[in-house]
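Please read the structure below before turning to the comments.
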Amino acid sequence: MTHHLGGIDYFSAGISTSGQLRTMVKQEDGTNYWPLSTSEVPSGVWTHVVFIIEGGVGYKFYINGSLDRDFPYPAIRLYDHSAGTDNAYLGSNIGSTTFLEGSIDDVRVYNRALSSTEISELYDMGAKKIKIR
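First residue of the sequence shown: 22, per my numbering; consecutive thereafter.
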C-alpha cells in the first residue's frame, strides 16, 4: 500500500524482498524511516498483518494477531490531509509497472491506533475456518 501526499511526504507498507513486513514513511524534511518486522511473513498461506504508525509514538507490526515488533519513535509526525484528494495505491507503488501477485482481502484504515485486543479479535475473525462435510 502506498499513499503519496503531494510529493512531500508519503507512507508505504509491504513485504520486503527478504519476506519481512516493511513500512516507509518519508517526512516533510526528506528523512526516510524503513523499519522491518522481526519475523518473515509466511508465503502462500493466509496471513493477517497489521501496521500501526502512530504520530508521536512510533511503529508496531502485528503478524497473525501477535505483536511482532515495536519501534518507539516519538519524533514521527503524521499529517492531516483530510481535505485533500491524494491517491492511494494497493498492490503496486506509485508509477510502478509491477503489481502484487496474490490476494488482498479486507483492507481497513483507521483514524486511531487499534489495541492489541482489537487486533487479536480481527485475526480470530479471519482465521476461523468453516468445515464442510
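Glycine included, each C-beta is placed from N, C-alpha and C at the ideal position.
Keep in mind that this is a model prediction, so the values were computed, not measured.
For residue i, is the classification buried or exposed, using 16 other Cβ atoms within 10 angstroms of its Cβ as the cut-off for buried?
i: Phe-82; result: buried
i: Asn-132; result: exposed
i: Val-128; result: exposed
i: Val-66; result: exposed
For the beta strand (DSSP E) containing residue i, name the first residue and the last one.
i: Thr-138; result: From DSSP, Thr-138 is part of no beta strand (DSSP E) but of the alpha helix (DSSP H) over 137-148.
i: Thr-68; result: No beta strand (DSSP E) holds Thr-68; DSSP gives it neither H nor E.
Just tell me which of the options has its CA closest to the CA of residue i.
i: Val-130; options: Leu-57, Thr-138, Thr-118, Val-70; result: Val-70
i: Leu-42; options: Ile-73, Gly-51, Thr-52, Asn-53; result: Ile-73
i: Trp-55; options: Phe-92, Pro-63, Ile-140, Ser-87; result: Phe-92
i: Asn-53; options: Gly-65, Thr-38, Glu-122, Ala-34; result: Ala-34
i: Ser-124; options: Met-146, Ser-64, Ser-87, Ser-37; result: Ser-64
May I ask you to report which of helix, strand or coil DSSP gives residue i?
i: Ser-33; result: strand
i: Ala-134; result: coil
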